[in-house]
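Peer 1: Pasting in a structure now, in structure tokens, and then I'll have a few things to ask.
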Amino acid sequence: MADVSTHESGARPVSLKKRMLVGAPGLYRAFAAAYRGLMRLIGALAAARYIAGLALTGANRRRPAGDTGSGVRIVLDGCIFQDRPFGIARLWRAIMAEWSREGFANHVIVLDRGATAPRLPGFTYRRVPRLRAYDSASGRAMLEAVCRTESADLFISTHYTYPAKTRTLLYLYDMTPEMGGWDLDQPVWREKAGAIAHASAYACLSRNTLDDLLGLHPEVRDRPHPLVLPGVEPTFVAAAPDEVARLVRELDLPTRYYLFIGHRDHYKNAELLFDTLPLLQDVEDIGLLLIGGAPRLESSFAERPGRIPTRIANLSDDELRAAYGGAAALLYLSRYEGFGLPILEAMACGCPVITCRNSSLPEAAGDAALYVDSDNPESLRQAMLTVLEPTVRADLIRRGFERAPGFRWRDSAEALARAIRDTAADGNRVPR
């Protein structure tokens with residue numbers, strides 16, 4: 012029987028949706044459509060009520076903090092914070108923190124959905140209804156009413172929402188659904204398609220995302236599309252040995268373990284990892300730590316670890332730093348990524364990286380990683396053994412330490428602020 016267990020730290024709770032998808036997929040599908048319809052109705056009623064309130068109070072709105080009447084006025088929809096505390100939300104927390112420090116926050120009005128946006132000095136906050144449904148005409152009408160009330164020069168969303176008419180800059184993180192053959196008729200992807208069509212300009216998280224955008228939508232090629240690369244949080248540095256030892260002890264892991272981050276379905280390519288584990292059964296004293304994803308190992312993978320101890324955990328950033336610091340390697344095996352930020356986090360912590368040569372992953376990893384074939388378990392097995400060799404490991408750690416400092420959130424925030432200013436100043440550019 013496989014040695015698999017879950018560590019519940021409580022730091023990163025798994026959503027009810029994720030639990031239902033894993034534990035009761037049939038039940039989830041049966042009620043999903045009805046639930047979306049109900050949320051759409053609730054959202055429409057909330058939007059109508061909010062618009063009516065704006066008509067009564069909008070004239071009394073105060074200007075954003077520090078706004079003397081000159082400069083741009085930006086409305087930022089903080090919708091990503093209400094349900095997604097990780098991933099893209101981490102990116103926006105980092106950018107907003109930099110804007111707060113550098114003063115650009117004085118130009119930004121944050122739409123705070125359900126009191127979930129980070130509160131930082133310099134920003135002006137407006138409480139708005141929670142996002143209940145994507146691809147909603149009433150939602151776009153509400154955002155347009157807010158933009159008009161605030162005399163906004165430009166709107167930017169933390170996800171894919173957009174107003175009916177006000178010009179927008181769309182920050183694109185990836186084109187995974189479009190490139191991966193997902194069901195693009197889902198409301199969220201219809202919203203994304205509408206946001207792409209409406210945008211006056213784009214910012215792209217990677218060169219690969221930009222190339223995919225222009226390949227799929229050649230009609231937007233003449234609109235501005237600068238790159239805004241991500242950065243690495245200051246939290247992610249080499250962990251102290253006692254931090255690593257404590258985490259290994261708490262999780263009951265061998266001292267040599269491999270790290271896999273993210274959900275284990277779709278494009279993350281967990282299949283490659285679990286197809287490789289049977290090939291490693293004769294290797295002594297190795298383990299596997301799965302960060303995030305479902306709280307229980309999927310039935311299709313359940314027996315694959317064999318005698319390799321496998322732990323599933325949701326960790327705080329400090330715990331994740333320790334996990335990186337003690338790992339034999341990060342296994343980042345995705346078939347497609349908008350960037351692959353965990354690669355840089357691992358490098359900043361002195362963790363070797365094994366990844367695949369596709370999509371944006373080489374942009375993140377450069378020459379500081381071992382690359383494997385995304386469909387070849389033997390290729391991954393060889394890399395997992397090679398990274399244990401002291402000289403190889405030391406070289407990868409050195410290369411990673413050299414590469415990670417080149418990605419800073421300060422640079423990301425400056426690049427995005429510059430793109431916003433340029434787009435806001437270009438009053439003649441309108442959606443096609």
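My numbering applies: residue 12 is where the sequence shown begins, and numbers increase by one.
Yeah, the Cβ is synthetic: ideal placement off N, Cα and C, and Gly gets one too.
1. So, for Ile62: in the same chain, excluding its five sequence neighbours on each side, which residues have a beta-carbon less than 6 Å away from its beta-carbon?
2. Under the three-state reduction of DSSP, which class applies to Val398: helix, strand or coil?
3. If you reduce the DSSP assignment to three classes, tell me which class Cys215 lands in.
4. Considering only their Cβ atoms, is the gap separating Ala379 from Arg410 smaller than 8 Å?
5. What are the boundary residues of the beta strand (DSSP E) that Asp88 is part of?
6. Curious, which full-length beta strand (DSSP E) runs of at least 3 residues does the region 152 to 237 contain?
7. In angstroms, rounded to a whole number, what distance separates the CA positions of Gly273 and Glu413?
8. Secondary structure at Arg432, three-state DSSP: helix, strand or coil?
9. Threshold first: 4 residues or longer. Then list the alpha helix (DSSP H) segments lying entirely within the region 347 to 385, N to C.
10. In or out: Leu427 buried (at least 16 other Cβ within 10 Å) or exposed?
11. If I follow the unbroken beta strand (DSSP E) through Tyr268, where does it start and stop?
12. Comparing C-alpha positions only, which one of Pro129, Ala313, Leu131 and Arg332 sits nearest to Val243?
13. For the beta strand (DSSP E) that contains Thr135, what are its first and last residues?
14. Measure the alpha-carbon distance for Ala251 versus Tyr136 and round it to whole angstroms.
15. From the DSSP output, in three-state form, read off Tyr145 for me.
16. Taking the alpha-carbon positions, what's the Thr287 to His277 distance?
17. Measure the alpha-carbon distance for Arg101 versus Ala394 and round it to whole angstroms.
18. What residues are listed by DSSP as bridge partners for Arg322?
19. Could you give the residue range of the alpha helix (DSSP H) that holds Arg260?
20. Are the beta-carbon atoms of Ile85 and Leu165 separated by less than 8 Å?
21. Report the three-state DSSP secondary structure of Arg332 (helix, strand or coil).
22. Which whole-angstrom value describes the C-beta separation of Asp123 and Pro320, a residue pair presumed to lie in contact below a C-beta threshold of 8 Å?
23. What's the gap between the Cα of Arg432 and the Cα of Asp185?
24. Report the three-state DSSP secondary structure of Leu131 (helix, strand or coil).
25. Whole angstroms are fine: how far does the CA of Gly304 sit from the CA of Met31?
26. So, are the CB atoms of Ile297 and Leu291 less than 8 Å apart?
27. Among all the DSSP beta bridges, which residues are the ones paired with Ala340?
28. Under 8 Å, do Leu262 and Ala324 count as touching if we go by C-beta distance?
29. Output yes or no for whether 8 Å exceeds the beta carbon distance between Val364 and Leu341.
Peer 2: The answer reads as follows:
1. Within the sequence shown, numbered from 1, the residue matching residue 62 stands at position 51. Answer for Ile62: Met153 and Ala156, listed in chain order.
2. Reading the sequence shown from its first residue, position 387 is the one you call residue 398. Coil.
3. Start at 1 with the first residue of the sequence shown, and residue 215 comes out as number 204. Strand, per DSSP.
4. As a working note, residue 410 is residue 399 in the sequence shown. As a working note, residue 379 is residue 368 in the sequence shown. Their beta carbons are under 8 Å apart, which means Arg410 touches Ala379 by this criterion.
5. Position 77 of the sequence shown, counting from 1, holds the residue named residue 88. Element bounds for Asp88: Ile85 to Asp88.
6. The region 152 to 237 contains these whole beta strand (DSSP E) runs: 165 to 168, 180 to 183 and 212 to 215.
7. The residue given as residue 273 occupies position 262 in the sequence shown. The residue given as residue 413 occupies position 402 in the sequence shown. Whole-angstrom Cα-Cα distance: 25 Å.
8. The residue labelled residue 432 in the question sits at position 421 within the sequence shown. DSSP places Arg432 in the helix class (H, G or I) of the three-state scheme.
9. Within the region 347 to 385, the complete alpha helix (DSSP H) runs of at least 4 residues are 352 to 359 and 372 to 376.
10. As a working mapping, residue 427 is identified with position 416 in the sequence shown. With 16 or more other Cβ atoms within 10 Å, it is buried.
11. Position 257 of the sequence shown, counting from 1, holds the residue named residue 268. Run containing Tyr268: Tyr268 to Ile272, per the beta strand (DSSP E) assignment.
12. Against the sequence shown, residue 243 aligns to sequence position 232. Distances from the CA of Val243 to each of Pro129, Ala313, Leu131 and Arg332 were compared; the closest alpha carbon is that of Arg332.
13. Sequence index remark: in the sequence shown, residue 135 carries index 124 (1-based). Bounds of the beta strand (DSSP E) holding Thr135 are Thr135 to Val139.
14. Counted from its first residue, the sequence shown places residue 251 at position 240. Counted from its first residue, the sequence shown places residue 136 at position 125. Straight through space, the alpha carbons of Tyr136 and Ala251 are spaced by roughly 39 Å.
15. Indexing the sequence shown from 1 puts residue 145 at position 134. The answer is coil: DSSP assigns Tyr145 none of H, G, I, E or B.
16. As a working mapping, residue 287 is identified with position 276 in the sequence shown. As a working mapping, residue 277 is identified with position 266 in the sequence shown. Roughly 18 Å between the two C-alpha positions.
17. The sequence position of residue 101 within the sequence shown is 90, counting from 1. The sequence position of residue 394 within the sequence shown is 383, counting from 1. For Arg101 and Ala394, the distance between alpha carbons rounds to 30 Å.
18. Locating residue 322 in the sequence shown gives position 311, where the first residue counts as 1. Beta-bridge annotation (DSSP): Arg322 is paired with Ser16 and Leu300.
19. As a position in the sequence shown, residue 260 is number 249, starting the count at 1. Start and end: Pro252 to Leu262.
20. On the sequence shown, residue 85 is found 74 positions in, with the first residue counted as 1. On the sequence shown, residue 165 is found 154 positions in, with the first residue counted as 1. Yes, these two residues count as a Cβ contact at 8 Å.
21. Stepping through the sequence shown from its first residue, residue 332 is reached at position 321. Arg332: helix per DSSP, three-state reduction.
22. For the purposes of this step, residue 123 is identified with residue 112 of the sequence shown, where counting begins at 1. For the purposes of this step, residue 320 is identified with residue 309 of the sequence shown, where counting begins at 1. Not quite, the Cβ-Cβ distance comes to about 43 Å (not below 8 Å), so this is no contact.
23. As a working note, residue 432 is residue 421 in the sequence shown. As a working note, residue 185 is residue 174 in the sequence shown. The alpha-carbon atoms of Arg432 and Asp185 are separated by roughly 23 Å.
24. The count along the sequence shown starts at 1 and reaches residue 131 at position 120. Here Leu131 sits in coil by DSSP.
25. Within the sequence shown, the letter at position 20 stands for residue 31. Within the sequence shown, the letter at position 293 stands for residue 304. Note that Met31 scores a pLDDT of 46, beneath 50, so its modelled location is shaky and nothing firm can be said.
26. Indexing the sequence shown from 1 puts residue 297 at position 286. Indexing the sequence shown from 1 puts residue 291 at position 280. Closer than 8 Å, so yes.
27. Your numbering for residue 340 matches position 329 in the sequence shown. In the DSSP output, where bridge partners are listed per residue, Ala340 has Tyr269.
28. Taking the first residue of the sequence shown as 1, we reach residue 262 at position 251. Taking the first residue of the sequence shown as 1, we reach residue 324 at position 313. Taking the C-beta atoms as reference points, Ala324 is found nearer than 8 Å to Leu262.
29. Walking along the sequence shown from the start, residue 364 turns up at place 353. Walking along the sequence shown from the start, residue 341 turns up at place 330. For the 8 Å CB-CB criterion, Val364 and Leu341 form a contact.
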